[in-house]
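For the sequence shown, position 180 matches number 180 in full-length UniProt numbering, and the numbering has no gaps at all.
In this text, a Cβ means the ideal position worked out from N, Cα and C, and glycines have one as well.
Just so you know, these numbers come straight off a predicted model, no measurement behind them.
Written out below as structure tokens is the structure these notes cover.
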Amino acid sequence: MKYETELGLSAVDKMFLIIIPPVIGALIGWFIPAIADWTARIPIMPFGAVLDWVASLEGRWVSAAAALLGILTGIIFIVYVFNETLRINVTDAKVKLYIHRDVKQIDRDVISAVYMDGKDLVILSHKGKEIFREQSESKKELVSNVFRQHLYPWKDHDPFASRYQRWVANHPQFPQDVNALLSARERAIEEEEAEEAKVLRKDLAELGVVIHDENKRQYVRMIG
1 MKYETELGLS AVDKMFLIII PPVIGALIGW FIPAIADWTA RIPIMPFGAV
51 LDWVASLEGR WVSAAAALLG ILTGIIFIVY VFNETLRINV TDAKVKLYIH
101 RDVKQIDRDV ISAVYMDGKD LVILSHKGKE IFREQSESKK ELVSNVFRQH
151 LYPWKDHDPF ASRYQRWVAN HPQFPQDVNA LLSARERAIE EEEAEEAKVL
201 RKDLAELGVV IHDENKRQYV RMIG
């Protein structure tokens, strides 16, 4: 068995990601005057004056400059995707998780369970606290095999699934500050503010609150 195993984008994914966006950007840039001319002919299309101006530009230098801009845009997109995609390095002793230019290291001896909640990789401490949750692009079967090979406590589902209860406003069993954060998170979910909901989940995790989302409903368990 390899001492270290990496999970994340596959070699094929990386190849397509590196090649396709700059090529598409270059093609769109090269033909942008023709595209603008065709788009300007659509009656309901806004910014007609701008499209007419772009369509009026002539000369190979225009297409070349636009193609270069398209390539640069494609490269920026590649960097963004690589930074936003979870990369996981697993050894027998620890897990290193790379995302958003951040690195989180978790020693194996503090982990009680590793499982997938939908597309999210979830890692729990021995007290049941959620110490990591991020979306993984790797398939569940592959993630499971890697963690099992390195002798981590992989679970096929949340080991605390029976301990969650549906949250409602001003829940009598939860502290006021927890209810306030859950209420704010419910609003974020309803308004489809995914990043705000994610931040609030992390804030609640610090308070010992673990959340399972189902059909825009929050199911909660508190760590004693």
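Sub-8 Å separation of residue i and residue j beta-carbons
i: Ile123; j: Ile111; result: yes
i: Ala66; j: Lys129; result: no
i: Val220; j: Gln135; result: no
i: residue 248; j: Phe147; result: Nothing in the structure corresponds to residue 248, since the chain is present only between 1 and 224.
i: Asn89; j: Glu6; result: yes
i: Ala105; j: Lys119; result: Note on identity: in this sequence residue 105 is Gln, with Ala being the wrong assignment. No. Outside cutoff.
i: Arg87; j: Gly8; result: yes
i: Trp154; j: Ser144; result: yes
i: Met116; j: Phe174; result: no
Presumed contact (8 Å Cβ cut-off) between residue i and residue j, rounded CB distance
i: Ile189; j: Ala197; result: 5 Å
i: Glu4; j: Thr85; result: About 19 Å; that fails the 8 Å criterion.
Length of the line joining the Cα atoms of residue i and residue j
i: Lys14; j: Lys139; result: 16 Å
i: Gln218; j: Gln176; result: 16 Å
i: Gly29; j: Ser63; result: 6 Å
i: Ala184; j: Leu68; result: 44 Å
i: Asp213; j: Asp102; result: 25 Å
i: Val168; j: Val178; result: 12 Å
i: Ile24; j: Tyr80; result: 16 Å
i: Ala11; j: Glu193; result: 32 Å
i: Asn215; j: Gly208; result: 23 Å
i: Leu72; j: Pro22; result: 7 Å
i: Asp203; j: Lys94; result: 24 Å
i: Val210; j: Phe160; result: 10 Å
i: Leu51; j: Gly74; result: Confidence at Leu51 is low in this model, with a pLDDT of 47, below 50, so the placement of that residue should be treated as unreliable; the coordinate-derived value is given next. The alpha-carbon atoms of Leu51 and Gly74 are separated by roughly 22 Å.
i: Gln149; j: Ser125; result: 20 Å
i: Trp53; j: Ala26; result: Annotation note: pLDDT 49 at Trp53 (below 50); position unreliable, no value reported.
i: Val199; j: Glu186; result: 12 Å
Collapsed DSSP secondary structure at residue i in the structure displayed
i: Glu186; result: helix
i: Asn170; result: coil
i: Lys119; result: coil
i: Ala93; result: coil
i: Phe160; result: coil
i: Tyr152; result: coil
i: Arg101; result: coil
i: Phe31; result: coil
i: Leu68; result: helix
i: Thr85; result: coil
i: Ser144; result: helix
i: Leu207; result: coil
i: Ser138; result: coil
i: Leu17; result: helix
i: Leu7; result: strand
i: Val12; result: helix
Closer than 8 Å to chain C by CB, residue i
i: Asn170; result: The displayed structure is made up of one protein chain only, and chain C is not part of it.
Cβ neighbour criterion (16 or more within 10 Å) applied to residue i
i: residue 262; result: In this structure the chain extends from 1 to 224, so residue 262 is not present and cannot be described.
i: Asp92; result: exposed
i: Pro172; result: exposed
i: Asp158; result: buried
i: residue 226; result: Outside the displayed range of the chain (1 to 224) lies residue 226, so it cannot be described from this structure.
i: Leu151; result: exposed
i: Leu142; result: exposed
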